[in-house]
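Accompanying notes for the structure given below.
Protein chains: 2
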Amino acid sequence: MSTINKKNLFAVILAGGSGTRFWPLSRGHNPKQFLSLATRSSLLSETISRVQGFIPKDQIILVASHKHRKKVLAEAKKAGVPSMNVLWEPSGKNTAPAVCWAAQVIYQRNPQALLAVLPSDHLILKKNAFHKILMRAFELAVQDYLVTLGIVPTRPDTGYGYLNIQKAKRSQIYKVVRFVEKPDLKKAQEFLKKKTYLWNSGMFIWKAAVVLEEFKQHLPEVYKPFAWARSVSQVRKFWKTLPSISVDYGIMEKSRRVAAVPAQDIGWSDVGSWQALWEILKKGKQQNSVIRGAVLSEKTSNSLILGSKRLIATIGIDNLVIVDTEDALLICRKDQSQDIKTIVNRLKEKKLTRLV
Amino acid sequence: MSTINKKNLFAVILAGGSGTRFWPLSRGHNPKQFLSLATRSSLLSETISRVQGFIPKDQIILVASHKHRKKVLAEAKKAGVPSMNVLWEPSGKNTAPAVCWAAQVIYQRNPQALLAVLPSDHLILKKNAFHKILMRAFELAVQDYLVTLGIVPTRPDTGYGYLNIQKAKRSQIYKVVRFVEKPDLKKAQEFLKKKTYLWNSGMFIWKAAVVLEEFKQHLPEVYKPFAWARSVSQVRKFWKTLPSISVDYGIMEKSRRVAAVPAQDIGWSDVGSWQALWEILKKGKQQNSVIRGAVLSEKTSNSLILGSKRLIATIGIDNLVIVDTEDALLICRKDQSQDIKTIVNRLKEKKLTRLV
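Quick note, the sequences are listed as chains C and S, same order.
Convert by adding 695 to the 1-based position in the first sequence; the result is the number in the working numbering.
Convert by adding 695 to the 1-based position in the second sequence; the result is the number in the working numbering.
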């Protein structure tokens, strides 16, 4: 790590999301990153802890939503991250505007800055292995690459985007030659066999200066406003004029200097569904996992149960997710949780906003 | 009905039961007869209404448990049945002691009395058809038969006891020649084909004098104490010495003068399980029945849902019973509700008596 000085390392943790996949536990005011599903602390808190010891506390930047102000400030305080380091998005605009804003703010503080952009709602169980991967990524970023962490596939998953990589001649660097949208099963099986495909994890490492250069070239409509205005009150004025676009689509897929660092055995999961959560949880003999609550089961298997105050009795069931909360109860086939979105939309249509 | 005077007709409604089949809705303090599952009023209330207009209000006798005093008195009052007409069992002793006590009390009031002994937790949807059957039964009871109503089978059910009947020579009377315990499926299928088998409904019609004669002969240990003592305070003294035994086993199976009246198309159900309840309820296109509560469903079929205050969302489920109450939630495969008993027993073992 000869060329890397800790003073130049920054983390940008994207905490503005508001998904519905963990409804009814997650709600608009309490999305996934604030839940502690498989860990003692929330996913956001775990994400902050994960970079601590590697990146100085006051160089950790959070991008979050005003809607979650209290929760975010509490997490920041707990972790020792200055509240000044939180950038408050006036509304959700996907990742590109958030990343551009953070890069500008950091670049002004330190033109030599190297950034690790990290989602706040993924799980990485092996911190030390992750640090090694991150260090390798920073080393590539120093060489002006846009680096993305790619997870080495362990199954033909059709739920992720894939990175098609190619080893550069006379070096150990994997260049990303193509971004592939979520494939069908047949393609995913091919990708798994070929070993030149990685899951796109949404974790990016680059120089602030380099990524700003890329924004200037590929997304000037996002770059320009931040080039002259970065204070919250200024940003608030033009924010609504920004396009809602992802870094992947707006920058990465267009850039010619994207490299990947393959990550294996770091215990990564994007915890993208109740099913994904069940897969990483500790299970009993019948492959059931009870996250909390009092449960009595007879002939029950392969199920995930998250209770609240009342007793839950299950008889003769298999492959279900049961989530009991104060005001809403979900009973869902474990592999059909994609339809939770439909339920949430129906609740919105019925104006039952207190439930979503 | 030449020989039958309304002054002689009595109903004995057995309301002392305390089953667990409808847990968690039914509890020790609120068993099935007090629930309104498929009807506007409770099953007990429906049972009382069903004989009204046929049997004078003050000739309706309830046998009930002290534990349910308030509920029973409220139901009696609502129906115009005098509270004096309730016989309070000090504890559950199955049906024979209750029936013997009621028969003695009624015989003292009217030695010509004819009794219809009726369970309080069955459903009979067609009141007029039921009255016709009941009248036929009283006519046989006048001829000193012990009459039992037998339901004409509509399916090879293995959950009921069966009556094997035989038409008496030169009459329209069906004598019961054999009582058959719950059969296996093969036998039940034979019974269905043969048409000489009826389901034992547990509804009995007889003269008070005749049934007391039978008690004297077959169950003297029950008969004798009531022969000299019928007041509550007296009964309370010897009650605990009585055997716990059913009328079926103690009297009917031993008597030689048992006749059956076949009942068809009276809309009978013993509502013996959540599955049985689902079968008689009105259902939507996907064969779901929501008894109460707010439910949003996606890809949900053949299920019974009974909600309380919280929203219930179901996705990708089939053939389930979901019962949500304030302090307990049941999720059970619809055809496995026999295991509810196991859950209730486990709760008792854990001394969680407030939940049972």
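For each residue, glycine too, the CB sits at the ideal point set by N, CA and C.
{"Item": "Counterpart residues of I708 (chain S) in DSSP-defined beta bridges", "Value": "S:L757, S:L813"}
{"Item": "Local Cβ density within 10 Å of D816 (chain C), reported as buried at 16 or more and exposed below that", "Value": "buried"}
{"Item": "CB contact below 8 Å: L1001 (chain S) versus chain C", "Value": "no"}
{"Item": "Closest Cα partner of D753 (chain S) within the set S:A706, S:S740, S:S996", "Value": "S:A706"}
{"Item": "Rounded straight-line distance, which links the Cα of T1037 (chain S) to that of G711 (chain S)", "Value": "22 Å"}
{"Item": "Of the listed residues C:L858, C:V905, C:P726, nearest to K882 (chain C) (C-alpha basis)", "Value": "C:L858"}
{"Item": "Short-range partners of chain S found in the region 1005-1025 of chain C, where Cβ spacing is below 8 Å", "Value": "R1005, L1006, I1007, A1008, T1009, I1010, G1011, I1012, L1015, I1017, D1019, T1020, E1021, D1022, A1023, L1024, L1025"}
{"Item": "Coarse secondary structure for Y802 (chain S), derived from DSSP in three states", "Value": "helix"}
{"Item": "Minimum Cβ-Cβ distance from V730 (chain C) to chain S less than 8 Å", "Value": "The sequence shown places Leu at residue 730 (chain C), not Val. Cβ-Cβ to chain S under 8 Å: no for L730 (chain C)."}
{"Item": "Proximity test, Cβ basis, 8 Å: E993 (chain C) and chain S", "Value": "yes"}
{"Item": "Close Cβ partners of I708 (chain C) (< 6 Å) along its chain, the five nearest in sequence each way excluded", "Value": "T742, L757, L813, S815"}
{"Item": "Presumed contact (8 Å Cβ cut-off) between S998 (chain C) and N1014 (chain C), rounded CB distance", "Value": "7 Å"}
{"Item": "Same chain, Cβ closer than 6 Å to R873 (chain C), neighbours up to 5 away in sequence not counted", "Value": "N859"}
{"Item": "Presumed contact (8 Å Cβ cut-off) between L893 (chain S) and V847 (chain S), rounded CB distance", "Value": "6 Å"}
{"Item": "CB of V1018 (chain S) within 8 Å of CB of L1001 (chain S), strictly", "Value": "yes"}
{"Item": "Chain S contact for I986 (chain C) (CB, 8 Å cutoff)", "Value": "no"}
{"Item": "Nearest-angstrom Cβ-Cβ length linking R1005 (chain C) and A1023 (chain S), presumed shorter than 8 Å", "Value": "6 Å"}
{"Item": "Integer-rounded CB distance, given that L1025 (chain S) should sit under 8 Å from V1039 (chain S)", "Value": "About 11 Å; that fails the 8 Å criterion."}
{"Item": "Beta-bridge pairing of L999 (chain C) - partner residues as DSSP gives them", "Value": "C:S984, C:V1016"}
{"Item": "Three-way DSSP call (helix, strand, coil) for F899 (chain C) in this model", "Value": "strand"}
{"Item": "I801 (chain S) vs A811 (chain S) beta-carbon contact at 8 Å", "Value": "no"}
{"Item": "Helix, strand or coil at W923 (chain C) [DSSP, three-state]", "Value": "helix"}
{"Item": "Residue-level contact to chain C via CB, T1048 (chain S), 8 Å cutoff", "Value": "no"}
{"Item": "Same chain, Cβ closer than 6 Å to V689 (chain C), neighbours up to 5 away in sequence not counted", "Value": "Missing from the structure shown is residue 689 (chain C); chain C here goes from 696 to 1051 and no further."}
{"Item": "Euclidean distance between Cα positions of R745 (chain C) and K822 (chain C)", "Value": "6 Å"}
{"Item": "Cβ-based neighbour list, G845 (chain S), same chain, cut-off 6 Å, excluding 5 preceding and 5 following", "Value": "L858, L893, A955, P957"}
{"Item": "Closest by C-alpha distance to L730 (chain S), when choosing among S:K702, S:V966, S:Y918, S:I1035", "Value": "S:V966"}
{"Item": "is_contact[Q1031 (chain S), chain C] using C-beta, thresh 8 Å", "Value": "yes"}
{"Item": "is_contact[R1028 (chain C), chain S] using C-beta, thresh 8 Å", "Value": "yes"}
{"Item": "For I961 (chain S) and M696 (chain S), the rounded distance between their alpha carbons", "Value": "For M696 (chain S), the predicted model reports a pLDDT of 46, less than 50, meaning its position is unreliable; a value from the coordinates is still stated below. The straight-line gap from Cα to Cα measures roughly 21 Å."}
{"Item": "CB contact flag (R925 (chain C), Q747 (chain C), <8 Å)", "Value": "no"}
{"Item": "For K862 (chain C), the first and last residue of its enclosing beta strand (DSSP E)", "Value": "857-862"}
{"Item": "N983 (chain S), buried or exposed, once every other Cβ within 10 Å from all chains shown has been counted against 16", "Value": "buried"}
{"Item": "Residue-level contact to chain C via CB, T1037 (chain S), 8 Å cutoff", "Value": "yes"}
{"Item": "Proximal residues to K1045 (chain C) (C-beta, below 7 Å), its chain only, five neighbours per side dropped", "Value": "none"}
{"Item": "Minimum Cβ-Cβ distance from R1041 (chain C) to chain S less than 8 Å", "Value": "yes"}
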